[in-house]
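Protein chains in written order, with the working numbering: chain F, 574 to 1083; chain B, 2 to 372.
Cβ coordinates follow ideal geometry from the N, Cα and C atoms, glycine included.
Because the structure is a prediction, the values reported are computed rather than measured.
To keep things clear, I will list the structure first and then write my remarks on it.
Right under this line is the structure:
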């Protein structure tokens, strides 16, 4: 597959220009680049979702032009999206045949074909399992199978490892090697460089919409690759010196939360959760998504009412206090899902600056809003937190995800929080902004901020935290010292394989 | 950043203008299809609106519509669909008339009492729906529609002579009795054209209050935030349940006011022929006016114009239902054109932001300043 001189313009913006990539048959080819570098536009072009303005695409030496994904599928190109597109209440078999009923029917023929593909590439798929019962890694394999079922010879995987723990990543890579061995071509999009180096045969780096270079994974280090990607030196999440004090800021005792499912069964989502965060301490919670982290955060910020246990902020019992009281008392909140909980997409930036702090200065005086002061302060946040925007009257929706996140971080930090709840603070944020957000957290921590950090990025978690806990099925099952633990060890604890105090590999832990 | 403001204004106007043009075109098609002169009815309507008495009628009608539409708009701003404005309005007007007719107080107090009763009754009736929604999760759409029916039955029962009503001698009509003159709201005389109800100005004041409340107070911000994204509002510290109940109460209280221009300025009694359907017209107007107090004012005038000036169509051999058809077509075009304009606006702004950033017009950040 060859791409030559691909250029895509949107009115006023050039998303891709002069992209040249040659992808060898039967290889894993990685495309790396920051968020907003133009990877997704390129993928959309490859998959026929958008037409390039200039340039050519050739497959096996034959020039092709796609006007919709159907054309691409016909040419043997398949895409596995970052967000799974599966119907939860269908079985694997049903999901796979959905939309492809004409290929092998919907019955025995389809089942045979699924088995055949699954065995050929070692995917280990059970055709009759309900998708809702499957874990993330299994779902991803179903997505891959769906694509293969439609006859794809070239697979595009968009950030496939973002949702996986290290062990699952290894399994995925094993699958990819199988695919490669069978002569299939894999295009792998990622910004996790360590993974890219371990799985790719060739690497192409994209920066600011164009290909800036290629790298040979055998001779390149992550650092070199990152520098190629950002065009400058690489930031690291490491926290240099400890600032932990012995003054407790947040104490959580025996926190319990139950939810009632639609069918009436009562489930524990949090049970016996207890921890203390001191002033100047960052407590990181590791865990595979869906093990109670979201519920824990929502209980701490007051969006859910706990069924038991005590939450103490500083010296006040806030176990059942309303969200607004907690925010006024000094809890800053960087939500997990910024579109649902962090911003009003259709509102201008300065109104988003008010969100969550409407009762506080400079946003209001008494019962009245102070729109003028809020606007002025929004301009300050835009300046200090490097939010790239032409102005503060544009809606939040018109900013990129990273810039929205910087605005949220700026807003939360502007109210001198005592405790910051940061859920995936750098998810979907480019490397430059990531470093900045880390710096801001570190700086505030030096001034006595207590931070509860939840992240799927284990490097971030280990690098930023002073203390680590592992959450599994609603309980804190293990603790670890970030100074000695490795991502692999943490990953195995996240799957419930290890409990108690995790000894670091160098045996330096207590 | 003035440029974006101007854009927003143009986009804001584009929706209604597009809707009206489409509605006008479709009405013309309807006229043509039924073999009528497609332009004559408009001329007749405009001619009739040039008389002062019709103008006064239009303004008076618009005042009532304005209040009903504000009541609907309060709900809309936080994603609540109060279809029950009509029932709240009728029940409130009736109770207010009853209380007003049963006491005699010095002027301003008498009027104040009637106003307060109307607001309380409207708020109470809407509050039932709010209460059901917050405690039992009942959709306000369903409960307010049902409350409309209950209000109809309740009013019919209360107004029976054996309960609280009166039957004027020699009439089939039932009334709640005449309110003493101390409870009449003075109007603005327009010579031969009659007089503009004084309460119309109160309605305008309510519009101002609505604007101020929404855009300048903390409460208004919470309300708008809830409407824009309930989950984000909740995370920001808004108590969603309290907010639903409060806004239903406000919406109902304003709905209660909608009957007062007529009651205080004209009929001074609630009778069986008191206007109905005001609340539903209010929904049309709030939609057309995009929940904006000024937009609602123009829409209220427009719909009132269609209502009142169409009366003259009959004299010239046209059916006055042409205006009703037009109102219906406006509703459809409004819904479609607003969505189209909104999508266009979102795309356009994203492009513009992209352009400006690409052209290096971002606000200078400290990081750049340091370089």
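Non-local C-beta neighbours of residue 168(B) in its own chain, meaning closer than 7 Å and more than five positions away in sequence, comprise 162, 175, ordered along the chain. A Cβ-Cβ separation of about 14 Å leaves residue 76(B) out of contact with residue 146(B) under the 8 Å criterion.
Apart from sequence neighbours up to five positions away, the residues of its chain that approach residue 951(F) with a beta-carbon distance below 6 Å are 922, 923, 926, 965, ordered along the chain. Here the C-alpha atom of residue 1059(F) lies approximately 35 Å from the C-alpha atom of residue 651(F).
The residues 677, 722, in chain order, have a CB closer than 7 Å to that of residue 686(F) in the same chain once the five nearest residues on each side in sequence are set aside. In the structure shown, the three-state DSSP call for residue 38(B) is coil. In the three-state reduction of the DSSP assignment, residue 581(F) falls in the strand class, which pools E and B.
Taking 8 Å as the CB threshold, residue 942(F) lines the interface with chain B. In this structure residue 70(B) is in contact with residue 287(B), their Cβ atoms being roughly 4 Å apart against a cut-off of 8 Å. For residue 998(F), no CB of chain B lies under 8 Å from its own CB, so it is not counted at the interface with that chain.
Here residue 821(F) is bridged, per DSSP, to 851(F). Assignment of beta-bridge partners to residue 629(F) by DSSP yields 577(F). Beta-bridge pairing by DSSP links residue 697(F) to no other residue. Beta-carbon to beta-carbon, residue 256(B) and residue 62(B) are separated by about 17 Å, too far to satisfy the 8 Å threshold. Chain B has no Cβ within less than 8 Å of the Cβ of residue 815(F). Among the CB atoms of chain B, none fall inside 8 Å of the CB of residue 694(F).
Under the 8 Å criterion on CB atoms, residue 579(F) is classed as non-interfacial with respect to chain B.
With its beta carbon less than 8 Å from one in chain B, residue 906(F) belongs to the interface. Relative to residue 307(B), the option among 328(B), 292(B), 315(B) whose CA is nearest is 328(B). Counting other Cβ atoms within 10 Å of its Cβ, residue 959(F) reaches 16 or more and is therefore classed as buried. Residue-level contact by beta carbon holds for residue 914(F) and chain B, with a gap shorter than 8 Å. DSSP places residue 893(F) in the coil class of the three-state scheme, outside both helix and strand. For residue 352(B), the secondary structure class from DSSP, reduced to helix, strand or coil, is helix.
Of the candidates 92(B), 21(B), 34(B), 193(B), the residue whose Cα lies closest to the Cα of residue 278(B) is 92(B). Taking the C-beta atoms as reference points, residue 700(F) is found no nearer than 8 Å to residue 713(F). At least one CB of chain F lies nearer than 8 Å to the CB of residue 219(B). In terms of beta-carbon proximity, residue 900(F) lines the interface with chain B, with at least one pair separated by less than 8 Å. CA-CA distance, residue 755(F) to residue 599(F), rounds to 7 Å. For residue 56(B), no Cβ of chain F is located within less than 8 Å of the residue's own Cβ.
Contacts with chain F at 8 Å (Cβ-Cβ) include residue 350(B). For residue 982(F), the closest Cβ of chain B is not nearer than 8 Å.
When the Cα atoms are used, residue 842(F) and residue 669(F) turn out to be separated by approximately 31 Å. DSSP places residue 714(F) in no beta strand (DSSP E) but in the uninterrupted alpha helix (DSSP H) bounded by 709 to 722. The three-state secondary structure of residue 589(F), taken from DSSP, is strand. With contacts defined by Cβ atoms closer than 8 Å, residue 344(B) and residue 225(B) do not form a contacting pair. Under the DSSP definition of a beta bridge, residue 196(B) partners with 190(B).
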